[in-house]
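Colleague: Chains L and U are the protein sequences, given in the same order. If you use the working numbering, the first sequence closes out at 128, no skipped numbers anywhere. If you use the working numbering, the second sequence closes out at 517, no skipped numbers anywhere. Here it is, the structure, as structure tokens.
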Amino acid sequence: MSVVSLKPGYTGKVADVEENFHGARLLNIHWEGHLNYCAALCFPLPPDLPFGALISDVVGPIYGLDADWAGIDWAQVRWTLDGAPFTPDFEKSLGAQGFVHKSLLRFWTAAEREAA
Amino acid sequence: MNASAPKKMSLKQKYALMTRGVDWTPTYQKPEDFYPYAQFEGIKIHDWDAWEDPFRLTVDSYWKFQAEKERKLYAVIDSIAQNNAQTGITDPRYLNAVKLFIQGVTPLEYQAHRHFAHLARHLPGAGVRIAAQMQSIDELRHTQTQIHTISHYNKFFDGMHDFQHMHDRLWYLSVPKSFFDDAVTAGPFEFLTAISFAFEYVLTNLLFVPFMSGAAYNGDLATVTFGFSAQSDESRHMTLGLEAVRFLLEQDEGNVPIVQKWIDKWFWRGYRLLSLVSMMMDYMLPKKVMSWAEAWEMYYEDAGGALFADLARYGIKPPKYADVASKEKDRISHEVWTVFYNYTHAAAIHTWDVDDAHLDWLSEKYPATFDKHYRDRYLTWRGQAAEGKRFYNNGLPMLCNLCQIPMAFSEPDDPSTICFRDSTYNGAKYHFCSDGCKDIFDNEPEKYVQSWLPVHQIYQGNCGGASVEDVLKWYHIDLGTDNLDFAGSPEDKMWQSWKNPGAKPESDLPLAAE
Numbered sequence: 013m014s015v016v017s018l019k020p021g022y023t024g025k026v027a028d029v030e031e032n033f034h035g036a037r038l039l040n041i042h043w044e045g046h047l048n049y050c051a052a053l054c055f056p057l058p059p060d061l062p063f064g065a066l067i068s069d070v071v072g073p074i075y076g077l078d079a080d081w082a083g084i085d086w087a088q089v090r091w092t093l094d095g096a097p098f099t100p101d102f103e104k105s106l107g108a109q110g111f112v113h114k115s116l117l118r119f120w121t122a123a124e125r126e127a128a
Numbered sequence: 004m005n006a007s008a009p010k011k012m013s014l015k016q017k018y019a020l021m022t023r024g025v026d027w028t029p030t031y032q033k034p035e036d037f038y039p040y041a042q043f044e045g046i047k048i049h050d051w052d053a054w055e056d057p058f059r060l061t062v063d064s065y066w067k068f069q070a071e072k073e074r075k076l077y078a079v080i081d082s083i084a085q086n087n088a089q090t091g092i093t094d095p096r097y098l099n100a101v102k103l104f105i106q107g108v109t110p111l112e113y114q115a116h117r118h119f120a121h122l123a124r125h126l127p128g129a130g131v132r133i134a135a136q137m138q139s140i141d142e143l144r145h146t147q148t149q150i151h152t153i154s155h156y157n158k159f160f161d162g163m164h165d166f167q168h169m170h171d172r173l174w175y176l177s178v179p180k181s182f183f184d185d186a187v188t189a190g191p192f193e194f195l196t197a198i199s200f201a202f203e204y205v206l207t208n209l210l211f212v213p214f215m216s217g218a219a220y221n222g223d224l225a226t227v228t229f230g231f232s233a234q235s236d237e238s239r240h241m242t243l244g245l246e247a248v249r250f251l252l253e254q255d256e257g258n259v260p261i262v263q264k265w266i267d268k269w270f271w272r273g274y275r276l277l278s279l280v281s282m283m284m285d286y287m288l289p290k291k292v293m294s295w296a297e298a299w300e301m302y303y304e305d306a307g308g309a310l311f312a313d314l315a316r317y318g319i320k321p322p323k324y325a326d327v328a329s330k331e332k333d334r335i336s337h338e339v340w341t342v343f344y345n346y347t348h349a350a351a352i353h354t355w356d357v358d359d360a361h362l363d364w365l366s367e368k369y370p371a372t373f374d375k376h377y378r379d380r381y382l383t384w385r386g387q388a389a390e391g392k393r394f395y396n397n398g399l400p401m402l403c404n405l406c407q408i409p410m411a412f413s414e415p416d417d418p419s420t421i422c423f424r425d426s427t428y429n430g431a432k433y434h435f436c437s438d439g440c441k442d443i444f445d446n447e448p449e450k451y452v453q454s455w456l457p458v459h460q461i462y463q464g465n466c467g468g469a470s471v472e473d474v475l476k477w478y479h480i481d482l483g484t485d486n487l488d489f490a491g492s493p494e495d496k497m498w499q500s501w502k503n504p505g506a507k508p509e510s511d512l513p514l515a516a517e
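Have a look at this one:
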């Protein structure tokens, strides 16, 4: 049973369908080991945004307040996209690399990997 | 009643006459049409007369009793105003607990008033309908007394002016709002299990005791006053909750697994809601009562343990994931404070630098976690603030699709890693902060695909605009007054001028309206 309801066959209106975001898709992104940022961040982004721009233009200005950000060696970063290991192409768009509506991208930078 | 009735009836006789004695069995309509909500949850009741009200309260004595409490309460409210009680609190930082209460809890009292009125019409048993009717009136009275007492602070302090509007719109207030919306859109028996049992009976001590003791310790006569005035009502509500669950379990064996599922669900929902209280206890009380971890041990682990040992004879087990809640007791208050410190620019409360004495208290109360995971974070923030770069998180947080709290809670066995859970339903992804929240979604996905998640609503363009200023305006948050760090806030400056008038003339001390 997908809901206990007075009327049989009740269905709810999905509040967060992709069509409601004016051409954007939601992306959740989380920098592991930096919990001074209390939670993952959520952004509405066009699927044709290059991955490099996600890092430099979208999250960079926010995560850049942390002293560790400037020193990240991007070649050493470990990524997962929706739970699976992931190797991003910084030139290619998000849509071309498997990002879907409400995807979750997590990444571990060098210092955290060594500590782990 | 007629002329031959005895002049003085016993309590039992009076109760029988004024509850079941005024009930009737409909003959023009079928019972299922008369009570349309009584069947669909699968609960079976064979004998409504088996419902026993331990208080045997009737409307006439209820009215007399409540009127007496009102007279006392309003006398105290008058004296609070006449004596400038706003100057007697320990520190204005304390009032952020009161702000959370009026924004987050008082609107729930009103929701409870409405829904107990619904139960007072729609439950098929006269005894429980009468009890629901009294509780409905109680909840309305609590709404009013809270508004009337806290309104005294609203004359001087910020963040309380539009509490109902804020409750319906603000990101962190969607947590209590969606909790209660979930309950009132369930059937009557789930509502009773959710609110009367799981919340009022199992978890209420973790809400009211910390707030009322916190108020008493911090010179907040107003909150203590409405707390006292509500106390006898609350004990009646708790008894109703326990009686309701026992009644459901005794009526039919088939009810047991249904009730168990509700207990599991509403324990977890209530516990997640109380994470706001954990922050209040550990961070917002200048004079501290006890830590969240101590309160959890005393009021849940000890008291709840005894309760569930008692319910075991019906085949009821302790709530699923109660063990996770106990594992989290050393961290949730710090995780939630971090959320509010990150997003104080979008909240109608203040946060602040945790001073050294407070850091040491936290280290003492949380020896296993505080120094290892949180102290350095706060010291870094202090350093940033000292350089004029007070940290605010300028990205919006990912929210749990169920409890709607930012995804700040850590893995049950690893405080340094955020807990991520997800489900796919009809091809779409849904994210959760915990197995507890994921289970609730998976059991009834059609309900929670409708979640009004504040962050997603902002991105859909439903919250006044795209900029922070637009959204704050839509929230009715007065930028620079209701929000941002306590240090340098209008409240901070006003308090300084009250306590250290310095060059300021004494007449700056605000006097209560005559």
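Built from N, CA and C at the ideal position, the CB exists for glycine as well. Since this is a predicted model, take the numbers as computed values, not measurements.
(1) Is Tyr-303(U) helix, strand or coil when you go by DSSP?
(2) If I measure Cβ to Cβ from Ser-139(U) and keep anything under 7 Å in the same chain, skipping five residues before and after, which residues do I get?
(3) Let me know the secondary structure DSSP gives Cys-50(L) once reduced to three states.
(4) Since Asp-60(L) meets chain U, which of its residues come closer than 9 Å, beta carbon to beta carbon?
(5) In angstroms with no decimal places, state the Cα-to-Cα distance between Ser-437(U) and Trp-477(U).
(6) Which chain L residues sit within Cβ distance under 8 Å of Gly-190(U)?
(7) Does any CB atom of chain L fall closer than 9 Å to the CB of Phe-182(U)?
(8) Any Cβ of chain U within less than 9 Å of the Cβ of Ile-74(L)?
(9) Over the uninterrupted beta strand (DSSP E) stretch that includes Val-40(L), give me the two end residues.
(10) Taking contact to mean 3 or more Cβ pairs, one atom from each stretch, closer than 8 Å, check whether the stretch 340 to 358 of chain U and the stretch 464 to 479 of chain U are in contact.
(11) Exposed or buried, which one is His-34(L) when buried takes at least 16 other CB atoms within 10 Å?
(12) Ignore the nearest five residues each way along the sequence and tell me which others in Tyr-65(U)'s own chain have a CB closer than 8 Å to its CB.
(13) If you run the structure through DSSP and keep just helix, strand and coil, what is Thr-226(U)?
(14) Answer with yes or no whether the minimum CB distance from Val-112(L) to chain U is below 9 Å.
(15) Nearest-angstrom Cα distance between Gly-217(U) and Pro-191(U)?
(16) Is Asp-442(U) buried or exposed, if buried means 16 or more other CB atoms sit within 10 Å of its CB?
(17) Just to confirm my understanding: we take Arg-272(U), look at its own chain, exclude 5 residues before and 5 after, and list those with CB closer than 6 Å. What are they?
(18) Going along chain L in order, which residues have a C-beta closer than 7 Å to the C-beta of Pro-409(U)?
(19) Can you tell me whether DSSP reads Arg-118(L) as helix, strand or coil?
(20) Are the stretch 458 to 467 of chain U and the stretch 314 to 333 of chain U touching by the rule of at least three beta carbon pairs closer than 8 Å?
(21) When we look at the beta-carbon of Lys-320(U) and count the other beta-carbons within 10 Å, is it buried (16 or more) or exposed?
(22) Determine whether the Cβ of Met-282(U) lies closer than 9 Å to any Cβ atom of chain L.
(23) How would you list, in chain order, the residues of chain U whose beta-carbon sits under 7 Å from the beta-carbon of Lys-25(L)?
(24) In angstroms, rounded to a whole number, what distance separates the CA positions of Arg-118(L) and Ala-108(L)?
(25) Mind checking if Gln-463(U) is an interface residue toward chain L, Cβ cutoff 9 Å exclusive?
(26) Evaluate Ser-235(U) with the Cβ neighbour count: other Cβ atoms within 10 Å of its Cβ, from every protein chain shown; 16 or more gives buried, anything less gives exposed.
(27) Alpha carbon to alpha carbon, how far is Ser-105(L) from Phe-63(L)?
(28) Spell out whether any CB of chain U is found under 9 Å from the CB atom of Val-29(L).
(29) Who are Ser-105(L)'s beta bridge partners in DSSP?
(30) Counting only beta-carbon atoms, is Lys-450(U) nearer than 9 Å to chain L?
(31) Less than 8 Å between C-beta atoms, sequence neighbours within five positions excluded: which residues of the same chain meet that for Tyr-156(U)?
(32) Compare the beta carbon distance of Leu-279(U) and Ala-134(U) with 9 Å and say whether it is the shorter of the two.
(33) With DSSP as the reference, label Thr-420(U) as helix, strand or coil.
(34) Are the C-beta of His-116(U) and some C-beta of chain L separated by less than 9 Å?
(35) Where do the ends of the alpha helix (DSSP H) carrying Phe-104(U) lie?
(36) Where does Phe-111(L) sit, in a helix, a strand or coil, going by DSSP?
Modeller: Looking at the coordinates:
(1) Taking the second sequence and counting its residues from 1, one reaches residue 303(U) at position 300. Reduced to three states, the DSSP call for Tyr-303(U) is helix.
(2) For this step, residue 139(U) is matched to residue 136 along the second sequence. If you ignore the 5 residues before and after Ser-139(U), its C-beta comes within less than 7 Å of the C-beta of His-116, Phe-119, Ala-120, Ala-123, all in its own chain and listed in chain order.
(3) Reading the first sequence from its first residue, position 38 is the one you call residue 50(L). Secondary structure of Cys-50(L) (DSSP, three-state): coil.
(4) In the first sequence, counting from the first residue as 1, residue 60(L) sits at position 48. Residues of chain U passing the Cβ test: none, with the nearest at roughly 18 Å.
(5) In the second sequence, counting from the first residue as 1, residue 437(U) sits at position 434. In the second sequence, counting from the first residue as 1, residue 477(U) sits at position 474. A direct Cα-to-Cα measurement between Ser-437(U) and Trp-477(U) gives close to 31 Å.
(6) Residue mapping note: residue 190(U) aligns to position 187 of the second sequence, counting from 1. Here the neighbours are Val-16, Leu-18.
(7) The residue labelled residue 182(U) in the question sits at position 179 within the second sequence. So, not an interface residue.
(8) Numbered from 1 along the first sequence, position 62 holds the residue referred to as residue 74(L). Ile-74(L) counts as touching chain U.
(9) On the first sequence, residue 40(L) is found 28 positions in, with the first residue counted as 1. One detail in the question is off: residue 40(L) reads as Asn in this sequence, not Val. DSSP places Asn-40(L) in the uninterrupted beta strand (DSSP E) bounded by 37 to 43.
(10) Taking a contact to require three or more Cβ pairs closer than 8 Å, the stretch 340 to 358 of chain U and the stretch 464 to 479 of chain U qualify as touching.
(11) Position 22 of the first sequence, counting from 1, holds the residue named residue 34(L). With fewer than 16 other Cβ atoms within 10 Å, it is exposed.
(12) In the second sequence, residue 65(U) corresponds to position 62, counting from 1. Excluding residues within five positions, the ones whose Cβ falls inside 8 Å are Met-137, Ile-140.
(13) Here residue 226(U) refers to the residue found at position 223 when the second sequence is read from its first residue. DSSP places Thr-226(U) in helix when its eight states are reduced to three.
(14) Residue 112(L) sits at position 100 when you count from the first residue of the first sequence. When Cβ-Cβ separations below 9 Å define contact, Val-112(L) makes contact with chain U.
(15) For this step, residue 217(U) is matched to residue 214 along the second sequence. For this step, residue 191(U) is matched to residue 188 along the second sequence. Their Cα atoms are separated by approximately 34 Å.
(16) Position 439 of the second sequence holds residue 442(U). Buried, because 16 or more other Cβ atoms sit within 10 Å of the Cβ of Asp-442(U).
(17) Translated into positions along the second sequence, residue 272(U) becomes position 269. Cβ within range, chain order: Phe-182.
(18) Within the second sequence, numbered from 1, the residue matching residue 409(U) stands at position 406. Result: Cys-50, Ala-51.
(19) Sequence index remark: in the first sequence, residue 118(L) carries index 106 (1-based). Three-state result, Arg-118(L): strand.
(20) Verdict: no, contact absent.
(21) Locating residue 320(U) in the second sequence gives position 317, where the first residue counts as 1. Lys-320(U) is exposed by the Cβ-count criterion.
(22) Taking the first residue of the second sequence as 1, we reach residue 282(U) at position 279. Closer than 9 Å to the CB of Met-282(U) there is not a single CB belonging to chain L.
(23) Locating residue 25(L) in the first sequence gives position 13, where the first residue counts as 1. Within chain U, the residues placing a beta-carbon under 7 Å from that of Lys-25(L) are Gln-453, ordered along the chain.
(24) What you label residue 118(L) is simply residue 106 of the first sequence in a count that begins at 1. What you label residue 108(L) is simply residue 96 of the first sequence in a count that begins at 1. Roughly 18 Å separates the two Cα atoms.
(25) Residue numbering aside, residue 463(U) sits at position 460 when the second sequence is read from its first letter. Chain L contact via Cβ: present.
(26) In the second sequence, residue 235(U) corresponds to position 232, counting from 1. Ser-235(U) is classed as exposed because its beta carbon has fewer than 16 other beta carbons within 10 Å across all chains shown.
(27) Mapped onto the first sequence, residue 105(L) falls at position 93. Mapped onto the first sequence, residue 63(L) falls at position 51. The alpha-carbon atoms of Ser-105(L) and Phe-63(L) are separated by roughly 6 Å.
(28) Within the first sequence, residue 29(L) is the residue found at index 17, counting from 1. So, interface residue.
(29) Locating residue 105(L) in the first sequence gives position 93, where the first residue counts as 1. Beta-bridge partners assigned by DSSP to Ser-105(L): Pro-62(L).
(30) Here residue 450(U) is taken as the residue at index 447 of the second sequence, counted from 1. Judged by the 9 Å Cβ criterion, Lys-450(U) is in contact with chain L.
(31) In the second sequence, the residue the question calls residue 156(U) occupies position 153. Taken in chain order, the residues that qualify are Gln-89, Leu-98, Val-101, Met-163, Ala-225.
(32) Against the second sequence, residue 279(U) aligns to sequence position 276. Against the second sequence, residue 134(U) aligns to sequence position 131. Contact: no.
(33) The sequence position of residue 420(U) within the second sequence is 417, counting from 1. If DSSP states are grouped into helix, strand and coil, Thr-420(U) belongs with the strands.
(34) As a first step, residue 116(U) is located in the second sequence; it is residue number 113 there, counting from the start. Answer no: the Cβ-Cβ gap between His-116(U) and chain L never drops below 9 Å.
(35) Your numbering for residue 104(U) matches position 101 in the second sequence. Careful: Phe-104(U) lies outside any alpha helix (DSSP H) and carries neither H nor E.
(36) Working through the first sequence from its first residue, we reach residue 111(L) at position 99. Residue state, collapsed to three classes: coil.
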